[in-house]
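In this note's numbering, the protein residues as written are 246 to 400. What follows is a single structure, written as structure tokens, with notes after it.
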Amino acid sequence: MVDWQWQAFEELGGAQLYQVLALRQQVFVLEQQCLYQDMDDHDQAAWHLQAWRSVDGKRQLAAYLRCLAPGAKYTEMSLGRVLTAPSARGTGIGRQLLEQGIARAARQYPGHAIRIGAQLYLERFYQSFGFVTVGAPYDEDGIMHIDMLRAASAS
Numbered sequence: 246m247v248d249w250q251w252q253a254f255e256e257l258g259g260a261q262l263y264q265v266l267a268l269r270q271q272v273f274v275l276e277q278q279c280l281y282q283d284m285d286d287h288d289q290a291a292w293h294l295q296a297w298r299s300v301d302g303k304r305q306l307a308a309y310l311r312c313l314a315p316g317a318k319y320t321e322m323s324l325g326r327v328l329t330a331p332s333a334r335g336t337g338i339g340r341q342l343l344e345q346g347i348a349r350a351a352r353q354y355p356g357h358a359i360r361i362g363a364q365l366y367l368e369r370f371y372q373s374f375g376f377v378t379v380g381a382p383y384d385e386d387g388i389m390h391i392d393m394l395r396a397a398s399a400s
């Protein structure tokens with residue numbers, strides 16, 4: 246069973262925020278060997294979707310993404326820092342995360358398209374959610390990315 250939480254930055258408790266930042270560091274900095282500034286001053290304005298599950302009686306963060314309002318980073322709203330904990334991979338929670346994230350973002354900012362800067366190897370995954378590639382691949386912090394857009398009316 247997964248407990249989904251959609252919270253503004255101010256609603257995140259210290260323990261929650263610690264787990265979010267620790268998992269982002271584990272996946273994006275250590276696992277992907279990408280040295281970059283993860284805390285980029287966008288978290289404070291973002292909505293944070295977290296998927297929590299109980300493992301051996303302990304609450305663990307299994308998946309996460311953040312949503313930024315239109316105009317905060319791009320003209321469109323955006324989803325970013327999308328990740329699944331290594332221990333939760335292969336369970337389908339990544340698909341659930343995107344489904345939940347898209348639905349909640351659409352309710353939070355109705356009528357707006359969603360832009361993502363996706364890692365290139367995940368292009369087909371995001372296409373399965375209605376995202377289309379816009380532009381050419383580019384290197385971001387040593388990892389190839391592609392910009393993708395999902396129209397507000399796509400389902």
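Virtual Cβ for every residue (Gly too), placed ideally from N, Cα, C. Here the structure is a predicted model, which is why all the values come from computation and not from measurement.
Nearest-angstrom Cα separation, counted from residue j out to residue i
i, j, result
"Val272", "Leu306", "12 Å"
"Glu255", "Val247", "22 Å"
"Gly356", "Leu313", "14 Å"
"Arg360", "Ile391", "11 Å"
"Asp386", "Ala363", "13 Å"
"Ala291", "Pro331", "24 Å"
"Ala351", "Ala397", "8 Å"
"Gln277", "Gln270", "10 Å"
"Val379", "Met393", "5 Å"
"Leu280", "Val274", "6 Å"
"Ala260", "His293", "14 Å"
"Arg298", "Gly258", "17 Å"
"Asp286", "Leu310", "15 Å"
"Gly335", "Gln345", "17 Å"
Residue i and residue j closer than 8 Å at C-beta
i, j, result
"Pro315", "Tyr371", "no"
"Leu251", "Ala296", "Going by the sequence as given, residue 251 is Trp instead of Leu. Going by C-beta atoms, Trp251 is not nearer than 8 Å to Ala296."
"Ile338", "Ala308", "yes"
"Met389", "Leu367", "no"
"Leu343", "Thr329", "no"
Exposed unless 16 or more other CB atoms sit within 10 angstroms - verdict on residue i
i, result
"Arg395", "buried"
"Val300", "exposed"
"Ala333", "buried"
"Val204", "What the structure shows of the chain is the stretch from 246 to 400, and residue 204 is not part of that stretch, so it cannot be assessed."
"Ala253", "exposed"
> Within the chosen definition, does the region 319-328 reach the region 297-304 through at least 3 CB pairs nearer than 8 Å?
Replying inline: Touching, no.
> Any chance the region 358-371 sits against the region 264-271, with 3 or more Cβ pairs inside 8 Å?
Replying inline: The region 358-371 vs the region 264-271: no contact.
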